[in-house]
């Protein structure tokens, strides 16, 4: 009986540890400091390296029509206004990097994800800079490594 209780306690602990820790906006703001300011952002080259290695997911939070017109083929599209009801589609064990053409909506999405316990950053140079960066040799090299790491 003692073993069964220990097993149940361990399982309960694992389940609880797997849950995301939500934070109130007040709590988040009261702990905001220079380190958080730095950690909340990521630039294109760093984002690409993490996505390439399978450590991060690029979340394009633009409206569906914007995404259909042009997008990064390695990004997931969940429009900002759909994010609350589609949180379950995002992995809990990877960094979520939110993105839009500049960084206004992606910053809002990052805050929402952070408050809901996700490890999230926003792409502070935006998708337009990413598109500009991924031309020619950069596109070829990134795609080769990305596909190799998917296997």
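Numbering (full-length UniProt numbering), first residue to last: 1 to 151.
Positions of the beta carbon are idealized from the N, C-alpha and C atoms, including for glycine.
Just so you know, these numbers come straight off a predicted model, no measurement behind them.
Looking only at its own chain, which residues have a Cβ that is under 6 Å from the Cβ of residue 128, when we skip the five neighbours before and after it? Here residue 128 refers to the residue found at position 128 when the chain shown is read from its first residue. Hits under 6 Å: 101.
Would you report the Cα separation of residue 154 and residue 80, rounded to the nearest angstrom? The structure shown does not extend to residue 154, since the chain is modelled only from 1 through 151, so no value can be given for it.
Specify the secondary structure class of residue 60 as computed by DSSP and reduced to three states. Residue 60 sits at position 60 when you count from the first residue of the chain shown. Residue 60 falls in the strand class under three-state DSSP.
Could you check which residue in 29, 60 and 28 has the C-alpha nearest to that of residue 106? Mapped onto the chain shown, residue 106 falls at position 106. Selected option, being the one with the closest Cα: 60.
The alpha helix (DSSP H) spanning residue 129 covers which residue range? As a position in the chain shown, residue 129 is number 129, starting the count at 1. Run containing residue 129: 126-133, per the alpha helix (DSSP H) assignment.
What residue range is occupied by the uninterrupted beta strand (DSSP E) comprising residue 83? As a position in the chain shown, residue 83 is number 83, starting the count at 1. No beta strand (DSSP E) holds residue 83; the alpha helix (DSSP H) holding it covers 83-86.
Using the three-state DSSP reduction, which class does residue 23 fall into: helix, strand or coil? For the purposes of this step, residue 23 is identified with residue 23 of the chain shown, where counting begins at 1. Coil at residue 23, not helix or strand.
Among 73, 28, 118 and 43, which residue has its Cα nearest to the Cα of residue 89? Numbered from 1 along the chain shown, position 89 holds the residue referred to as residue 89. Ranking 73, 28, 118 and 43 by Cα distance to residue 89 puts 118 first.
Just the Cα atoms here: how many angstroms apart are residue 23 and residue 29? As a working note, residue 23 is residue 23 in the chain shown. As a working note, residue 29 is residue 29 in the chain shown. Going from the Cα of residue 23 to the Cα of residue 29 covers about 10 Å.
Can you tell which of 113, 103 and 98 has its C-alpha closest to the C-alpha of residue 87? Numbered from its first residue, the chain shown carries residue 87 at position 87. The candidate whose alpha carbon is nearest that of residue 87 is 113.
Where DSSP assigns a beta bridge to residue 77, which residues make up the other side? Translated into positions along the chain shown, residue 77 becomes position 77. In the DSSP output, where bridge partners are listed per residue, residue 77 has 60.
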